[in-house]
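Here this note's numbering runs 572 ahead of the position in the sequence shown, where the first position is 1.
C-beta: ideal position from N, C-alpha, C; glycine also.
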Amino acid sequence: MSHCHYHALSSVRRWGGNAEDYLPLHQWFDESKKIIADPRHRALRHHAEGIFLLETIFGVTIRNSDGRDIPVRLVGEQHVTEDLGRIPSFADWARLIQPMPWILRGNPAGSPGLDPELGAPEPGSRDHIPAIA
């Protein structure tokens, strides 16, 4: 589907209520179009982890205007399935990333936490606890 409004209308056909009941959920999935306005935007949220994150943000259910409690995860599954035909994992997306040298670089020598000369605090010392002003 090309627009959140049509996803919301699909939700109305499935669970009743009004499109406005579902629009915020569908808009959340497609906010990544602000970053990249082509189908690659879906890599950010259109996967199983994104569906669970939707539930974390919006709650387990929403109440539509017909008074029905609708599981948020089902609305997320509907959105992703309508766009992709299935629900991929994040790993499915990540496997498609071609690692560039800057991705593979890691941390350069001397980075804090990697330099063995920096060492860890002595056991029992309070050196690692920041002072409170």
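CB of residue i within 7 angstroms of CB of residue j, strictly
{"i": "residue 598", "j": "residue 651", "result": "yes"}
{"i": "residue 661", "j": "residue 620", "result": "yes"}
{"i": "residue 623", "j": "residue 654", "result": "no"}
{"i": "residue 588", "j": "residue 638", "result": "yes"}
{"i": "residue 644", "j": "residue 626", "result": "yes"}
One or two residues paired with residue i in a DSSP bridge
{"i": "residue 638", "result": "DSSP output for residue 638 lists no bridge partner at all."}
Residue environment, residue i, which counts as buried when at least 16 other CB atoms sit within 10 Å
{"i": "residue 614", "result": "buried"}
{"i": "residue 617", "result": "buried"}
{"i": "residue 580", "result": "buried"}
{"i": "residue 583", "result": "buried"}
{"i": "residue 647", "result": "buried"}
Same chain, Cβ closer than 7 angstroms to residue i, neighbours up to 5 away in sequence not counted
{"i": "residue 628", "result": "none"}
Contacts around residue i, its chain only, beta-carbon distance under 6 angstroms, and the 5 residues preceding and following it disregarded
{"i": "residue 635", "result": "641"}
Check: residue i C-beta below 6 angstroms from any heavy atom of the ligand NAP
{"i": "residue 614", "result": "For the structure depicted, the ligand NAP is absent and the ligand set is empty, with no information on it obtainable."}
Can you list, in chain order, the stretches of the beta strand (DSSP E) that have 3 or more residues and sit fully within the segment 615-660?
-> 633-635 and 641-643
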